[in-house]
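Written below as structure tokens is the structure these notes are about.
Numbering (full-length UniProt numbering), first residue to last: 1 to 322.
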């Protein structure tokens, strides 16, 4: 999963938040004193000539004016950065050298192990269906099978399920839920060390040799096709860009859901006046995970952060008087 292409939003503060989020992953590696499965080779973007190129160039100039480290690319530049790639006609492009991609499952396994070593207990097979507030101030989680769990504080950070859970406590968080599928190949000889984002989708190669490719998530997207036939189509498109990957065999298909808040900005903060129920939902969740995890923990422990003030949930509706 990508860490991250920049948010295409005309808001320097929000884009600066993305920069902080990328840097936080590097800081996390230092704190853990353990390497994470992250490829820091940078991200190469390009679009075909035409209207998309003009818009892309305008975005590039805007990012440069904000101090974002990005380099303009022509067709030859793509070839120099990624010798194995044949990009085709390039109308505009850029290179984000500070960005990269991570292996989600392996990263999760490492963080899970480290959290358990610190005494964190994980309760699994407990599917929460509702959150409610007792008169005593305690928060109750209701789960399937008529099971209940009492908590002093709760963080609702359930990705695609966040809006539904927040609704059970009267908090309105409007999101556009989009989906996308990714094709994973069987291991191939390593030829890619950077992430490619081009007209035929996103292409990367994990250190284990597996190629991961798919079309970008976008508002209104419907990427639920996990058929082998579609997977082979995605791999074929990737091989058109990187011919050295020709002959890839499909290993598996995965589908993911991305909650995009109505105004595309993160939604983070307490939902109740007692500050016992906290919510966190955003697009680019992988990019934001390390930073938002630290910032949310800071606020839950009682220290409000001015950096997060523009992203409070009550911007969509008055805070529920829980």
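Note that beta-carbon positions come from the ideal geometry of N, C-alpha and C, so glycine has one too. Here the structure is a predicted model, which is why all the values come from computation and not from measurement.
By the criterion of at least three beta-carbon pairs nearer than 8 angstroms, the stretch 182-194 is not in contact with the stretch 13-29.
Of the candidates 249, 127 and 255, the residue whose Cα lies closest to the Cα of residue 178 is 255.
In this chain, the beta strand (DSSP E) harbouring residue 100 covers 100-102. A straight-line Cα-Cα distance of about 24 angstroms links residue 166 and residue 14.
DSSP places residue 114 within a helical segment (H, G or I) once states are collapsed to three.
Judged by DSSP in its simplified three-state form, residue 187 adopts coil rather than helix or strand. In this chain, residue 278 is not harboured by any alpha helix (DSSP H); it is covered by the beta strand (DSSP E) spanning 277-281. Taking residue 19 as reference, the option from 296, 105 and 97 with the minimal CA-CA separation is 97. By the criterion of at least three beta-carbon pairs nearer than 8 angstroms, the stretch 267-280 is in contact with the stretch 148-159. Within the same chain, Cβ atoms closer than 6 angstroms to the Cβ of residue 246 are found at 239, the five residues on either side in sequence being excluded. In this model, residue 16 and residue 45 are separated by some 19 angstroms (Cα to Cα).
Contact between residue 191 and residue 204 does not hold, since the beta-carbon distance rounds to 11 angstroms and is not under 8 angstroms. Taking 9 angstroms as the cut-off, the Cβ atoms of residue 37 and residue 133 do not count as close. Membership of residue 79 in any beta strand (DSSP E) is not indicated; the residue belongs instead to the alpha helix (DSSP H) covering 75-81. In this structure residue 68 does not touch residue 56 by the C-beta definition: roughly 14 angstroms separates them, more than the 8 angstroms allowed. Looking at the DSSP output, residue 31 sits in no beta bridge, so it has no partner there. Contact between residue 286 and residue 175 fails: their C-beta atoms lie close to 17 angstroms from each other, not under 8 angstroms. For residue 283, the closest C-alpha among the options 273, 144 and 268 is that of 268.
In this chain, residue 62 is not harboured by any beta strand (DSSP E); it is covered by the alpha helix (DSSP H) spanning 51-65. Counting other Cβ atoms within 10 Å of its Cβ, residue 169 reaches 16 or more and is therefore classed as buried.
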